[in-house]
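Data block below; observations after.
Residue numbers (the UniProt record's numbering): 1 to 157.
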């Protein structure tokens, strides 16, 4: 949208939190720039802006320490020291927080709408199959034996 003076107008910024943006199709994404580098750390894609913002908060806290400007300073839970963490470990911690918040938020929204209540088992990981064990073969259905094909060997007549 150009005005008569040739100035390009930008649409109003609709980002409710720092470090996140909304994709065209409605998902919220979070990423953060590494200090003193041009690279970015991808923090994930989330259904809610709160989940994306919490992922950003986790990453910025581990990158910049207690002086970081957070979206939710009252909700920060530190699980230990602020040692130098790699970009991969910061991404892992941030996506864990974001995914947990997203699941809690979406689950609460489904309950509010009267949707089906899903029961989540506390030990869901215990039901995973052991991939080191050889699976038992499935029983084959009984069928008639196939006739052997006629041989076209050297004894042709």
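A virtual CB, placed ideally from N, CA and C, is assigned to each residue, including glycine.
Length of the line joining the Cα atoms of residue i and residue j
i           : j           : result
residue 49  : residue 26  : 10 angstroms
residue 72  : residue 57  : 7 angstroms
residue 29  : residue 20  : 6 angstroms
residue 67  : residue 130 : 45 angstroms
residue 70  : residue 15  : 15 angstroms
residue 139 : residue 103 : 40 angstroms
residue 84  : residue 74  : 23 angstroms
residue 90  : residue 137 : 43 angstroms
C-beta contact flag for residue i and residue j at 8 angstroms
i           : j          : result
residue 55  : residue 88 : no
residue 106 : residue 45 : no
Residue(s) in a DSSP beta bridge with residue i
i          : result
residue 45 : 29
residue 40 : 33
Whole-number beta carbon distance between residue j and residue i, since they are thought to touch under 8 angstroms
i          : j          : result
residue 53 : residue 43 : Actually they are not in contact, since the Cβ atoms of residue 53 and residue 43 sit about 10 angstroms apart, beyond 8 angstroms.
residue 40 : residue 33 : 5 angstroms
Helix, strand or coil at residue i according to DSSP, with G and I counted as helix
i          : result
residue 69 : coil
residue 23 : coil
residue 86 : coil
Residue-level contact to chain D via CB, residue i, 8 angstroms cutoff
i          : result
residue 15 : No chain D appears in this structure, which consists of one protein chain only.
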